[in-house]
Ligand SMILES: [Zn+2]
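In full-length UniProt numbering, the protein residues as written are 1 to 258.
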């Protein structure tokens, strides 16, 4: 069974590097006919993306990180995240837009294009350079593969052929053996998508890694609000996490099912 650990991830990237050149979308011009376009959609957490980026940096490659600017789970404009994005950009990684058209409902493609440009300007403000590439969030769910002019589109024909596409969506490679499949990169241009949220030190399952993520968020929240003296007085020697555990036990009819 495939293990979503950082160790496995390093192995894949090193193997790909042996087979052929690894590109980000920005660096792959139309003359590139074989190798790998390495793509990451950042759906939930930027810290995980940063970790994946450091692994790639150590191996000596770059890739494209597609960021949401409309996420409920992370804010690219926060102080910490701006620093991460700037670092990734100065290390040579492409920072691009992960776009969710569902947010805007049923509007024309022209109006949608305007929203894309607006969203890109948020990232451009951080990196000081024009965003060149767009990937769509969950297009298969709505079966809408929009293409935006003046941008490279990850799902456009020049980059996307179902037979030459490897994605870890839902941690399911659709029957493909990763190490076998990447051999095709020798003579074809493969688009390879890995979601940073899927990988962890020990290859934990979704429930474990999401729980860890929420634990970190609660601890950060606790740290952040300690500036409030009334809160500090309430929480005393406790942590918000321990209070939260108590809260769940007392209020949520918690039963061990997993
Ligand atoms: Zn997505």
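We put the CB at the ideal spot given by N, CA and C, even for glycine.
Would you mind working out which of the options sits nearest residue i, comparing C-alpha positions?
| i | options | result |
| --- | --- | --- |
| residue 167 | 8, 41, 16 and 21 | 41 |
| residue 25 | 35, 94 and 87 | 94 |
| residue 164 | 174, 172 and 185 | 185 |
| residue 14 | 72, 47 and 57 | 57 |
| residue 100 | 84, 1, 117 and 86 | 117 |
| residue 38 | 31, 16 and 46 | 16 |
| residue 106 | 144, 126, 131 and 202 | 144 |
| residue 102 | 245, 136, 92 and 74 | 136 |
| residue 30 | 245, 159 and 233 | 159 |
| residue 222 | 211, 36 and 237 | 237 |
| residue 194 | 20, 7 and 52 | 52 |
| residue 6 | 19, 154 and 203 | 203 |
| residue 68 | 114, 231, 46 and 243 | 46 |
| residue 224 | 80, 121 and 111 | 80 |
| residue 9 | 226, 235, 55 and 243 | 55 |
| residue 245 | 211, 111 and 230 | 211 |
| residue 259 | 216, 175 and 189 | A question about residue 259 goes unanswered here, because the residues of the chain that appear run from 1 up to 258. |
| residue 266 | 88, 121, 50 and 243 | What the structure shows of the chain is the stretch from 1 to 258, and residue 266 is not part of that stretch, so it cannot be assessed. |
How many Å lie between residue i and residue j at the Cα?
| i | j | result |
| --- | --- | --- |
| residue 253 | residue 23 | 50 Å |
| residue 44 | residue 90 | 22 Å |
| residue 249 | residue 214 | 17 Å |
| residue 177 | residue 191 | 15 Å |
| residue 124 | residue 152 | 16 Å |
| residue 139 | residue 48 | 23 Å |
| residue 205 | residue 61 | 27 Å |
| residue 129 | residue 251 | 49 Å |
| residue 36 | residue 157 | 15 Å |
| residue 86 | residue 162 | 33 Å |
| residue 187 | residue 28 | 15 Å |
| residue 131 | residue 92 | 14 Å |
| residue 209 | residue 59 | 25 Å |
| residue 74 | residue 84 | 12 Å |
| residue 182 | residue 33 | 15 Å |
| residue 146 | residue 228 | 46 Å |
Assuming the contact rule is C-beta atoms closer than 8 Å, residue i and residue j should be a hit. Round their C-beta distance to whole Å, please.
| i | j | result |
| --- | --- | --- |
| residue 66 | residue 97 | 6 Å |
| residue 126 | residue 82 | 5 Å |
| residue 173 | residue 4 | So it is not a contact: roughly 11 Å between Cβ atoms. |
| residue 240 | residue 207 | Residue 240 to residue 207, Cβ: 21 Å. No contact. |
| residue 113 | residue 104 | Wrong, their Cβ atoms sit about 11 Å apart, outside the cutoff. |
Taking buried to mean at least 16 other C-beta atoms within 10 Å of its own C-beta, is residue i buried or exposed?
| i | result |
| --- | --- |
| residue 179 | exposed |
| residue 134 | buried |
| residue 119 | buried |
| residue 339 | Not covered by the structure: residue 339. The range shown for the chain is 1 to 258. |
| residue 170 | exposed |
| residue 64 | buried |
| residue 197 | buried |
| residue 77 | exposed |
| residue 200 | buried |
| residue 231 | exposed |
| residue 20 | buried |
Distance cut 5 Å, beta-carbon to ligand 1 heavy atom: residue list by chain order: Those satisfying the condition are, in chain order, 41, 43 and 137.
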